[in-house]
Every structure is written in C-alpha cells, then in structure tokens.
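Position one of the sequence shown corresponds to residue 19 (the working numbering), numbered consecutively onward. Ideal placement from N, C-alpha and C gives every residue a C-beta, glycine not left out. Accompanying notes for the structure given below.
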Amino acid sequence: MGATQVPIILGSNKTPVTRLAGGIEMHPVFATIGNIDSEVHSKAMLQAWHCIAYIPIIKFRVHPDNQPTLQARLWHKCMDLVCTNLKAAAKDGCFMPDPSCNICHVFTPLVGHVCNLPEATMIAAVSKNASPPTMATQADFGQSLGSRQVPESSQSR
C-alpha cells in the first residue's frame, strides 16, 4: 500500500470579533488543502476554507514595548496547540478515506500560511521594517526610489 501527501495551507488575519463586546480582536485561523484548484480557493461561497481556531489578542499589563513580543509568543503557543495533530500526521502519517472510500496512508505537511504583512512580521518574529521571508532589513535595500539622485548626464539637455 502506498502513501500520498495532502498539503495543508493555513490563513489568518487579525479582525474585530464584535463591536458590542468592546472591540475585541482575535486571529481566526483557517485551513484548506493545497490540491484544491485556486479558482475554488478564491471563492468564499465554495467553502474551501474552514475556521479551525480563534486565537485571542490579549492586552498584557506590561510596558507597551513588550506587548508585541508577548502577543506573538501567545500566538505561537496557540498555533502549536492547534497544529498538534497536524504535525503528528505530517511526521507519521494517518489513515483517511479518499473520495472513493478507499483507505489511504496520508501525510499532511504544512506548505503555506496566507496572511497580510503585519501578521507575517509577527509570525516570522522580525521587526516591522524587515522582510518576513528574507529577514532583510530596510537598510539592506539601500535608498528608496524617491530619494535617489538622478545622474547629471541624464538630466534635461
């Protein structure tokens, strides 16, 4: 009997839960499988994404400079708990039925996390002026295009 992979994609975005409760914000975490066509993923009505958790955003009673660090640590701890079974299935595999009701040995690696830039910097644990995928800082990119000096030879003749 062979095995197969079912790639898992997670997505999250900090959002207000309700205005009636005083503007509470949470990180809803959604999951889908990577072998679903991208046209299906992009249409909410087709329900390819399922909410698997709500991660709270807590206001700690500490100096404001420490808030982002503690909130990021809480997010990572919650994600560790939410993904416990997913990590076990990625490592050892699990048995699942396929659409034809045949039992398959399946591995579920996490292949991506879809989020916006502020959340990506929190997940990657980099500063706000760093690139989450590369961890390059703003200084590594040099001058911005708006502040570049135009060479004299290319100025109006």
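Continuous alpha helix (DSSP H) assignments of at least 4 residues falling wholly in the region 125-154 | The region 125-154 contains these whole alpha helix (DSSP H) runs: 135-142.
By a C-beta neighbour count over all protein chains shown, 10 Å radius and 16 as the cutoff for buried, is MET63 buried or exposed?
What you label residue 63 is simply residue 45 of the sequence shown in a count that begins at 1. By the neighbour-count rule (16 or more Cβ atoms within 10 Å), MET63 is not buried but exposed.
inquiry  = Please list the terminal residues of the continuous beta strand (DSSP E) segment that includes PRO115.
reply    = The residue you call residue 115 lines up with position 97 of the sequence shown. Looking at the DSSP string, the run of the beta strand (DSSP E) that includes PRO115 is 112-115.
### Query
Quick one: what does DSSP say CYS101 is sitting in, helix, strand or coil?
Here residue 101 refers to the residue found at position 83 of the sequence shown. When DSSP states are grouped into helix, strand and coil, CYS101 belongs to the coil group.
_Three-way DSSP call (helix, strand, coil) for CYS69 in this model_ = Along the sequence shown, read from residue 1 onward, the residue named residue 69 stands at position 51. Strand at CYS69.
Practice problem: Look at ILE27 and VAL132 and say whether their C-beta atoms are less than 8 Å apart. | Solution: Here residue 27 refers to the residue found at position 9 of the sequence shown. Here residue 132 refers to the residue found at position 114 of the sequence shown. Between ILE27 and VAL132, the gap from beta carbon to beta carbon is short of 8 Å.
message: Within a Cβ cutoff of 6 Å, which residues of the same chain sit near GLY52, ignoring the five residues on either side of it in sequence?
response: Reading the sequence shown from its first residue, position 34 is the one you call residue 52. So the list reads PRO25, ILE27 and VAL129, once near-sequence residues are dropped.
- request: Let me know if ALA154 comes out buried or exposed under the rule of 16 or more other beta-carbons within 10 Å of its beta-carbon.
  value: For the purposes of this step, residue 154 is identified with residue 136 of the sequence shown, where counting begins at 1. Exposed: under 16 other Cβ atoms inside 10 Å.
State buried or exposed for GLN89, treating a residue as buried only when at least 16 other CB atoms are found within 10 Å of its CB.
-> Locating residue 89 in the sequence shown gives position 71, where the first residue counts as 1. Buried.
### Query
Opposite PRO46 in the DSSP bridges: which residues?
Position 28 of the sequence shown, counted from the start, is the residue given in the question as residue 46. Per DSSP, TYR72.
Exercise for the section: Starting from the Cα of THR139, find the closest Cα among LYS32, PRO127 and GLN23 and give me that residue. Expected result: Translated into positions along the sequence shown, residue 139 becomes position 121. Per the Cα distances, LYS32.
- Output yes or no for whether 8 Å exceeds the beta carbon distance between ALA49 and GLY111. Indexing the sequence shown from 1 puts residue 49 at position 31. Indexing the sequence shown from 1 puts residue 111 at position 93. Their beta carbons are not under 8 Å apart, which means ALA49 does not touch GLY111 by this criterion.
Below 8 Å CB to CB, which residues in the same chain sit around ASN84 once its five sequence neighbours on both sides are set aside? Working through the sequence shown from its first residue, we reach residue 84 at position 66. Excluding sequence neighbours, ASN84 sits near PHE78.
**Message:** Quick check on DSSP: helix, strand or coil for HIS94?
**Reply:** The count along the sequence shown starts at 1 and reaches residue 94 at position 76. HIS94 falls in the helix class under three-state DSSP.
- prompt: Can you check whether the CB of ALA108 is closer than 8 Å to the CB of THR126?
  reply: Mapped onto the sequence shown, residue 126 falls at position 108. Mapped onto the sequence shown, residue 108 falls at position 90. The Cβ-Cβ distance between THR126 and ALA108 falls below 8 Å.
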